[in-house]
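Below is one structure; the comments refer to it alone.
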Amino acid sequence: GAGVSQSPSNKVTEKGKDVELRCDPISGHTALYWYRQSLGQGLEFLIYFQGNSAPDKSGLPSDRFSAERTGGSVSTLTIQRTQQEDSAVYLCASSLSTSGGTDTQYFGPGTRLTVL
Amino acid sequence: TQLLEQSPQFLSIQEGENLTVYCNSSSVFSSLQWYRQEPGEGPVLLVTVVTGGEVKKLKRLTFQFGDARKDSSLHITAAQPGDTGLYLCAGEYGNKLVFGAGTILRVKS
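Chains A and B supply the protein sequences, listed in that same order.
Heads up: the first sequence runs through residues 1 to 116, numbered per the working numbering.
Heads up: the second sequence runs through residues 1001 to 1109, numbered per the working numbering.
Printed below as a string of structure tokens:
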């Protein structure tokens, strides 16, 4: 497809388990972002990848969170030892170039994570 | 503490009414964006404002960026049920976007 895709669309897990969330950005987009959105809230920045540069991990809430971007395309967000407060919608976005916020970010539909 | 404060948090109005949503900050942003998000979907960009004092119109939507580039407003004229959704403002801060908490708009027919 032409847009950003994310999988799974929904994930229910038990507290303490690890989860992996996947993002397929728009082809050719060099920048990729992960955000977290709690119920009825705005988006909280998690991590930003730009080309081959070291990612900006300044938004990751704890060392249980990590992300990779392989081959400059697909990205995986991993949450280890999930906690109930990790329950949220995790959104991925991609954009064309290096100028960060002024470039249009195209968002995927998100993965709704529920930790029981 | 939110870097960007949006108000109101929730707005329920009748079809045909006008409304304004505000986005305020004590910080200066190099640009500010407005998004609309529907349930189960990601946010979709509506507009980017860059210059202090800038006004942009998109059909019935009017966006304004404050002169000091610290605040913005979104005005909708003659709201329609299709305008229902979560409206988010986001400011460019370094190489990242900082989002407000959003305004949930419900337009009743």
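We put the beta carbon where it would ideally sit given N, CA and C, even for glycine.
Output the boundary residues of the beta strand (DSSP E) element that contains residue i.
i	result
B:Ala1101	Per DSSP, B:Ala1101 belongs to no beta strand (DSSP E) and is neither H nor E.
A:Val4	A:Val4 -> no beta strand (DSSP E), and no H or E assigned at all.
A:Ala54	Neither: A:Ala54 is in no beta strand (DSSP E) and is coded neither H nor E.
A:Asp63	Unbroken run through A:Asp63: none, as it is neither H nor E.
A:Ser95	Ala88 to Ser95
Can you pull the DSSP bridge partners for residue i?
i	result
A:Lys11	A:Leu113
B:Phe1029	Beta-bridge pairing links B:Phe1029 to no other residue.
B:Gly1091	B:Leu1032 and B:Val1098
A:Glu68	A:Thr76
B:Gln1009	Bridge partners of B:Gln1009: none, in fact.
A:Leu43	A:Gln37
A:Arg22	A:Ser7 and A:Thr76
Going along the chain, which residues of its own chain have a beta-carbon closer than 7 Å to the beta-carbon of residue i, five neighbours each way excluded?
i	result
B:Glu1015	Ala1079, Gln1080, Pro1081, Val1107, Lys1108 and Ser1109
B:Thr1048	Ser1031 and Gln1033
B:Lys1056	Val1047, Val1049 and Phe1063
Just to confirm my understanding: we take residue i, look at its own chain, exclude 5 residues before and 5 after, and list those with CB closer than 6 Å. What are they?
i	result
B:Leu1086	Gln1037, Gly1102 and Ile1104
B:Val1021	Leu1074, Tyr1087 and Thr1103
B:Phe1029	Arg1069, Gly1091 and Glu1092
Take residue i and list the residues in its own chain whose beta-carbon comes closer than 8 Å to its own, dropping the five residues that flank it on each side.
i	result
A:Gly28	Leu96
A:Val19	Lys11, Thr13, Thr78, Ile79, Thr82 and Leu113
A:Asp26	The residue you asked about is not Asp; residue 26 of chain A is Ile in the sequence shown. Ala2, Gly3, Val4, Ser94 and Tyr106, listed in sequence order.
Which residues in chain C sit within 9 Å of residue i, going by Cβ to Cβ distance?
i	result
A:Leu21	This model lacks chain C altogether, as its protein chains are A and B.
Segments assigned beta strand (DSSP E), at least 3 residues, entirely inside the segment 1018-1087 of chain B: Within the segment 1018-1087 of chain B, the complete beta strand (DSSP E) runs of at least 3 residues are 1019-1024, 1032-1037, 1044-1049, 1055-1058, 1061-1065 and 1071-1076.
Any 3 or more C-beta pairs closer than 8 Å across the segment 1006-1014 of chain B and the segment 66-85 of chain A: Touching, no.
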